[in-house]
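One point on numbering: in UniProt numbering, the residue at position 172 of the sequence shown is 172, and numbering is uninterrupted.
We put the beta carbon where it would ideally sit given N, CA and C, even for glycine.
Since the model is a prediction, treat every value here as computed from it, not as a measurement.
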Amino acid sequence: MEVTTNNWFTKKYPIGFALSGGFIKGFAHLGVMQALLEHDIKPNILSGVSAGALASVFYADGNEPHKVLDFFAGHKFQDLTKLVIPKVGLFELGEFIDFLKTNLKAKTMEELQIPLIITATDLDHGRMVHFHKGDIAERVAASCCMPILFSPVKIEGTHYVDGGLFMNLPVSTIRRVCDKVVAVNVSPLMANKYKMNIVSIAMRSYHFMFRANTFPEREKADLLIEPYNLDGYSNTELEKAEEIFMQGYNAANTLLDQLKVEKGSIWKEEVIIKP
């Protein structure tokens, strides 16, 4: 179920970016966006979920993608989370919320330089929610709140978790208001080798289910960028942010150059059905 509070937009946007979830791999979003900007492809609106929401909010706040790495330099995973006695999650995101409030110039979504839609999951009512106004830090944290790992984020009496549960690649959110949508999926579904034990099987099944909802969203994009070189990074390896950034940057540049050579355009060909 899609929840809306009012009509978000009153105009058509030339280009929108839809950025997927992906935890630590979200730094690749910044690399992809850097490559897109260098190819003169700039977003007029952004749609993000989880790690994609985090990358989007820093860009929408007026930062160049490569400069966003500076905010995380010197930080470790433990600096942005708090280990707690597990009742509803292993970690709490209070420190992460404080980090965002400290480093973002805008405090509410209405103050951002570029419109941003953040997708989260309303855990209490079992529905998808698209935030477009209100406190930024809380809403980004809600979208990034991976169940079990993190305690749900409570906003105005409602508990929220990772938006990727329902939509891990939020193209539909902005499809109707954009002429072109660039979708960046840093968590493509991959079937790599795994250990035959109960934990490995459970985690593998969880990730398959989590990422399966991206399939219909991928088809709605005019340009799809999926870096397949991000496997193997631990979600706590914050010190590898620059390396992950470069993986996204290189993958995007390779694809954009290839499309220009082979098709003469980066955009998906439109199918015109004649009567």
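Determine the closest residue to Thr119 out of Met33, Phe166, Pro147 and Gly22, with distance taken between C-alpha atoms.
Minimum Cα-Cα distance from Thr119 among the listed residues Met33, Phe166, Pro147 and Gly22 corresponds to Phe166.
Unbroken stretches of the alpha helix (DSSP H), 4 residues or longer, contained in the stretch 153-229:
Listed in chain order, they are 172-175, 198-212 and 214-219.
Since Lys42 and Ile24 are thought to touch, with beta carbons under 8 Å apart, how far apart are those beta carbons, to the nearest angstrom?
That pair is no contact at about 26 Å.
What residues in its chain sit with their C-beta under 8 Å from that of Met246, if we drop five residues either side in the sequence?
If we look at Met246 and ignore the five residues flanking it on each side, its Cβ neighbours are Gly31.
8 Å contact criterion, which Leu169 and Ile136 should meet: CB distance rounded:
Incorrect: roughly 21 Å between the Cβ atoms, too far for contact.
To the nearest angstrom, how far is it from the Cα of Lys82 to the Cα of Tyr233?
At Lys82 the pLDDT is 45, less than 50, meaning the model places this residue with poor confidence; the figure from the coordinates comes in the next sentence. Here the alpha carbons of Tyr233 and Lys82 stand approximately 21 Å from one another.
Span separating the alpha-carbon of Phe215 from that of Val181:
Looking at the two C-alpha atoms, the distance is approximately 15 Å.
Inter-stretch contact (C-beta, 8 Å, three-pair minimum) for the stretch 106-119 and the stretch 145-154
Cβ pair count under 8 Å is below three, so no.
Does DSSP put Pro65 in a helix, a strand or coil?
Reduced to three states, the DSSP call for Pro65 is helix.
If you follow the alpha helix (DSSP H) that Phe27 is in, where does it begin and where does it stop?
Element bounds for Phe27: Phe27 to Glu38.
Pick helix, strand or coil for Gly134, following the three-state DSSP scheme.
Assigned with DSSP and collapsed to three states, Gly134 falls in coil, not helix or strand.
Continuous beta strand (DSSP E) stretch holding Phe17: start and end
Phe17: member of the beta strand (DSSP E) spanning Tyr13 to Leu19, first to last residue.
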